[in-house]
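Structure first, commentary second.
Number of protein chains: 2
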Amino acid sequence: MAPPSGKRVWKAPFTISKMEVKDVRFPTSKGKHGSDAMHKDPDYSAAYVVLHAEGTELKGHGFTFTLGQGTDIVTTAVRGLEQFVVGRRLENIYNAFGAYWRELTSHSQLRWIGPEKGVIHLATAAVINALWDFWAKIEGKPVWELLSCMSPEEIVSLIDFRYLTDTITPEEAVELLRSKWSDEEARKKRSEFVPLGPCSILSSLLSSSRCLEALKAGFTRFKVKVGQNVEDDRRRCAAIRDIIGYDKPLMTDANQVWDVKEAITHMAQLAEYKPLFIEEPTSPDDIHAHLTIRKALSAYGIKVATGEQCCNRVMFKQFLEARAFDVCQIDSCRIGGVNEILSVILMAGKFGVPVCPHAGGVGLCELVQHLAMFDFVAVSGTLENRFIEFVDHLHEHFLDPVNITNGHYIAPTLPGYSAEMKPQSLDDYEYGKGCMWTTQQ
Amino acid sequence: MAPPSGKRVWKAPFTISKMEVKDVRFPTSKGKHGSDAMHKDPDYSAAYVVLHAEGTELKGHGFTFTLGQGTDIVTTAVRGLEQFVVGRRLENIYNAFGAYWRELTSHSQLRWIGPEKGVIHLATAAVINALWDFWAKIEGKPVWELLSCMSPEEIVSLIDFRYLTDTITPEEAVELLRSKWSDEEARKKRSEFVPLGPCSILSSLLSSSRCLEALKAGFTRFKVKVGQNVEDDRRRCAAIRDIIGYDKPLMTDANQVWDVKEAITHMAQLAEYKPLFIEEPTSPDDIHAHLTIRKALSAYGIKVATGEQCCNRVMFKQFLEARAFDVCQIDSCRIGGVNEILSVILMAGKFGVPVCPHAGGVGLCELVQHLAMFDFVAVSGTLENRFIEFVDHLHEHFLDPVNITNGHYIAPTLPGYSAEMKPQSLDDYEYGKGCMWTTQQ
Chain C
1 MAPPSGKRVW KAPFTISKME VKDVRFPTSK GKHGSDAMHK DPDYSAAYVV
51 LHAEGTELKG HGFTFTLGQG TDIVTTAVRG LEQFVVGRRL ENIYNAFGAY
101 WRELTSHSQL RWIGPEKGVI HLATAAVINA LWDFWAKIEG KPVWELLSCM
151 SPEEIVSLID FRYLTDTITP EEAVELLRSK WSDEEARKKR SEFVPLGPCS
201 ILSSLLSSSR CLEALKAGFT RFKVKVGQNV EDDRRRCAAI RDIIGYDKPL
251 MTDANQVWDV KEAITHMAQL AEYKPLFIEE PTSPDDIHAH LTIRKALSAY
301 GIKVATGEQC CNRVMFKQFL EARAFDVCQI DSCRIGGVNE ILSVILMAGK
351 FGVPVCPHAG GVGLCELVQH LAMFDFVAVS GTLENRFIEF VDHLHEHFLD
401 PVNITNGHYI APTLPGYSAE MKPQSLDDYE YGKGCMWTTQ Q
Chain G
1001 MAPPSGKRVW KAPFTISKME VKDVRFPTSK GKHGSDAMHK DPDYSAAYVV
1051 LHAEGTELKG HGFTFTLGQG TDIVTTAVRG LEQFVVGRRL ENIYNAFGAY
1101 WRELTSHSQL RWIGPEKGVI HLATAAVINA LWDFWAKIEG KPVWELLSCM
1151 SPEEIVSLID FRYLTDTITP EEAVELLRSK WSDEEARKKR SEFVPLGPCS
1201 ILSSLLSSSR CLEALKAGFT RFKVKVGQNV EDDRRRCAAI RDIIGYDKPL
1251 MTDANQVWDV KEAITHMAQL AEYKPLFIEE PTSPDDIHAH LTIRKALSAY
1301 GIKVATGEQC CNRVMFKQFL EARAFDVCQI DSCRIGGVNE ILSVILMAGK
1351 FGVPVCPHAG GVGLCELVQH LAMFDFVAVS GTLENRFIEF VDHLHEHFLD
1401 PVNITNGHYI APTLPGYSAE MKPQSLDDYE YGKGCMWTTQ Q
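Taken in sequence, the protein lines are chains C and G. If you read the first sequence in the numbering used here, its first letter stands for residue 1, the second for the next number, and so on. If you read the second sequence in the numbering used here, its first letter stands for residue 1001, the second for the next number, and so on.
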């Protein structure tokens, strides 16, 4: 059956009246949660946005993820974007969302401090994510389902194709999306809340007992942080292989610590533990270095993954064009929100590169499940070689936390982007104001 | 004669006691100074830093350049770096400057909002530039001369080679610098305040009479902004060629407005006006696109230039490796200050690509003359195909403004980085406080 075509007119006759911006920090550095070779003591944090509008009780919640210090810089940037938000009618945004995204990222003065990268782009992500949460709540659907029901033309109209047309044109993107409707039964089945891919689980700082626990809970993929000392890395890889055996994938993550030669030499010494891939072996900006590493490590059967700090669609485009990685790790908060991520998912679809979202931190798992689900239903059509990262912390602060069953994400069903934190958590962890920062310092 | 070798111990027994941070904005949008296809109404601005230290009356002044809105975001980021500045002894910084630079850019929490790009890297540039101004004042030399007198080992020790060693190692860099000492007479001559290359002059918004005036003043290179409408561009190129003739270079600048195909098609239609190069034809992040455009336009004899928004040394490395541009346009304020720029100058030297600094804005001309002079004296050894951009405004706010004579920069002789603004200008133009913003709004 043919997919829906054309563009409908969205109704959301509400004018944004207020944008709250909060600096929310969880003092995770105390327990060294999520520390790695480059980020030794992160406080998982969020530059958090709440959009209010006249005429509706609904609100749009969104955020970008940060590591503690610097969140105030990002909230300052979010406030700089308020001029594009407050006073706007939501339906005017949603009916020309691609154009709105370009407007938001093209301010004649503000673009200089990016463009489309770093702090100002993280701020864009927070605002855009909140607009998507708002839209999905108005439509009464989770974001992934709102997207999956759109016609190819509607999806393509969400995207700013500036700087992409040498790789994918809007017309090509429509064709790609249309082709996935050929078997409507299969598509329907994909959208019926199937378990979404096996999760991976971080294990760098987990004890053997925690690893065993995860294995018993149904997790089938494991990841270990590497990069400091090769002997330490060998010992930890060996310990994890002892527990999980060699039939389950083990992934490695170096968090950008190496130059090209170091990456190749170091990973060659871990090859006997059969890592599926090495993630972020070097600078996230270095397409050429990733390609060199990828070519060298293919001799050892080790793939290369990156993307969590890839700064925008132009960089993803070049990684994909150059075949510089095997696994495309989108992040929900670094590039400019859902709209720009859609362009990456479509380009990865064109090149046949699996999209495996980066997650963890605070709230990243909640968001990326929507993106992975959309990719599965509407673009890739397969779960083969696809999975979503999972880390088991800070989910208790969300109203609609991830549902992990037998090591699988279960697609969310509540309206929105699963981005909304509990009011109490927002109050308690607001930096400099909440009781977690004023009484426990 | 052999160059000085080894590393001396620098003396600067002063502890930084205070870092002032100012948001200084010049309301240039009123006159549309410097507007282009992407930045239609910039207010040339600076996130401005003044370093005070115990035991000396000298101060270090530095800044990063911005376009108005967003300067507050950058000053917030600069304050986030204060922890690496106040309380430090200057000589400890200068005696291990490369290591200090890495420390400044590798904070476990702050690096997440870059890394090494956007707002946090602009803030790094402001701080590093102020440290260089301070150092040069303490040594009683202009920055270019301080650098040019250093041994190869000293220069290399200023640089963080992380992510660069697949292209240039510290040892190679020492060799490259050492080779330029072979003819000491020539080197000495180069350092004797020779006129530094012809300037280019922006002409997009200049009347024919202004262009003629510049020609009479000795300018030999001209640049025109293009990219909006091809007929307009043809008319303006023709008008300028009428005045300057075809024996003087005419450059074109599109400020990132095009995708690949548009760039090629548009420039092909300007080929009859013999542009020397097209600057920033597309996204500053798109190495591959620049290469495609460069290959296509070489048929028309048009070169490709970029770099003013290239975000760090890793991106420059890839542009150079891929031969994606013909002209390397370093900026003094976007990448992390003098230390990181040195690595770009060295890589460009290795690849034989001319370094032609981007300037204009506010204070960029003052800073880049030091970088170009160092490149000439110590790295490239030639002025062939090298020039520095020049725009004639806002120099009156500086204590040591550029000296342009007969269309040439004359190398500065006063100690420092020529970065210090007049106290009155700092007072009058401080955003939200100075009389230019409180009485004229």
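Just so you know, even glycine gets a beta-carbon here, dropped at the ideal spot from N, CA and C.
Note to self: Quick check: is the beta carbon of G/Trp1437 nearer than 7 Å to any beta carbon in chain C?
What the structure shows: no
Check: When the Cα atoms are used, what is the spatial distance from C/Ile243 to C/Ala217?
Finding: 14 Å
Check: What are the complete beta strand (DSSP E) segments, minimum 3 residues, inside the stretch 1005-1072 of chain G?
Finding: 1015-1025, 1045-1054, 1060-1066
Notebook entry, point to check: Can you name, in chain order, every residue of its own chain whose Cβ lies under 6 Å from the Cβ of C/Gly416, other than the five neighbours on each side?
Noted result: Asp133, Ala136, Lys137
Notebook entry, point to check: What's the C-alpha gap between C/Thr66 and C/Ile201?
Noted result: 20 Å
Check: Using DSSP with H/G/I as helix, E/B as strand and the rest coil, what is G/Gly1118?
Finding: helix
Next item on the list: Quick one: give me the first and last residue of the alpha helix (DSSP H) that C/Lys442 is part of.
Entry: This structure cannot settle anything about residue 442 of chain C, because the visible part of chain C is limited to 1 through 441.
Check: Mapping DSSP to helix, strand and coil, what is C/Thr76?
Finding: helix
Check: At a cut of 8 Å, does the stretch 157-173 of chain C reach the stretch 1244-1259 of chain G through at least three beta carbon pairs?
Finding: yes
Margin query: Using the Cβ count rule (16 or more neighbours within 10 Å means buried), how would you classify G/Arg1235?
Written below: exposed
Next item on the list: Find out if the Cβ-Cβ distance for the pair C/Ile73, G/Ala1077 is shorter than 7 Å.
Entry: yes
Notebook entry, point to check: Taking DSSP as the reference, what is the three-state secondary structure of G/Glu1420?
Noted result: coil
Next item on the list: In the DSSP assignment, find the alpha helix (DSSP H) that holds G/Lys1216 and state where it starts and stops.
Entry: 1208-1216
Next item on the list: Name, please, each residue of chain A whose Cβ falls closer than 7 Å to the Cβ of C/Glu321.
Entry: Included in the structure are the protein chains C and G, with no chain A among them.
Note to self: Counting C-beta neighbours from all protein chains within 10 Å, is the total for G/Gln1329 16 or more, i.e. buried, or is it exposed?
What the structure shows: buried
Margin query: When you compare the CB of C/Leu394 with every CB in chain G, is at least one pair closer than 7 Å?
Written below: no
Margin query: Within 7 Å of any Cβ in chain C, is that where the Cβ of G/Ile1330 sits?
Written below: no
Note to self: The beta strand (DSSP E) that contains G/Met1315, what's its start and end?
What the structure shows: No beta strand (DSSP E) holds G/Met1315; the alpha helix (DSSP H) holding it covers 1313-1321.
Next item on the list: Identify, in the order they occur along the chain, each residue of the same chain with its Cβ nearer than 7 Å to the Cβ of G/Leu1215, setting aside the five sequence neighbours on each side.
Entry: Ile1243, Ile1244
Notebook entry, point to check: If you compare alpha carbons, which of G/Lys1317, G/Pro1249, G/Glu1321 is closest to G/Lys1303?
Noted result: G/Pro1249
Notebook entry, point to check: With 16 other CB atoms within 10 Å as the buried threshold, where does C/Asp160 fall?
Noted result: buried
Item checked: Secondary structure of G/Asp1251, DSSP reduced to three states -> Reading off the sequence, residue 1251 of chain G comes out as Met, not Asp. Strand at G/Met1251.
Margin query: Rounded to the nearest angstrom, what separates G/Ala1378 and G/Val1049 at their Cα positions?
Written below: 29 Å
Margin query: Rounded to the nearest angstrom, what separates G/Asp1233 and G/Ala1296 at their Cα positions?
Written below: 20 Å
Check: Any C-beta of chain C sitting closer than 7 Å to the C-beta of G/Gly1118?
Finding: yes
Notebook entry, point to check: For C/Gln309, is the classification buried or exposed, using 16 other Cβ atoms within 10 angstroms of its Cβ as the cut-off for buried?
Noted result: buried
Check: Any idea which residues DSSP pairs G/Asn1403 with across the strands?
Finding: G/Ile1410
Check: Measuring CA to CA, which of C/Glu82, C/Val355, C/Tyr431 is closest to C/Thr443?
Finding: Residue 443 of chain C lies beyond the residue range present for chain C, which begins at 1 and ends at 441; the question has no answer from this structure.
Check: C/Trp101 versus chain G: which residues are under 7 Å apart at the beta carbon?
Finding: Residues of chain G passing the Cβ test: none, with the nearest at roughly 15 Å.
Check: Any chance the stretch 52-68 of chain C sits against the stretch 105-113 of chain C, with 3 or more Cβ pairs inside 8 Å?
Finding: no
Notebook entry, point to check: What are the partner residues of G/Phe1277, as DSSP defines its beta bridges?
Noted result: G/Lys1303
Check: Is C/Cys149 helix, strand or coil by DSSP?
Finding: coil
Margin query: Tell me which residues share the same chain as G/Arg1088 and place their Cβ nearer than 6 Å to its Cβ, disregarding the 5 neighbours each side in the sequence.
Written below: Ile1016
Notebook entry, point to check: What in chain G is Cβ-close to C/Thr306, meaning under 8 Å?
Noted result: Those do not exist, as C/Thr306 stays about 13 Å from chain G at its closest Cβ, beyond 8 Å.
Note to self: How far does the beta strand (DSSP E) with C/Glu389 in it extend, from its first residue to its last?
What the structure shows: 388-390
Next item on the list: Would you kindly work out how many angstroms separate the C-alpha atoms of G/Val1399 and C/Ala126, rounded to a whole number?
Entry: First, the residue type needs correcting, since residue 1399 of chain G is Leu and not Val in the sequence shown. Answer to the nearest angstrom: the Cα atoms are 42 Å apart.
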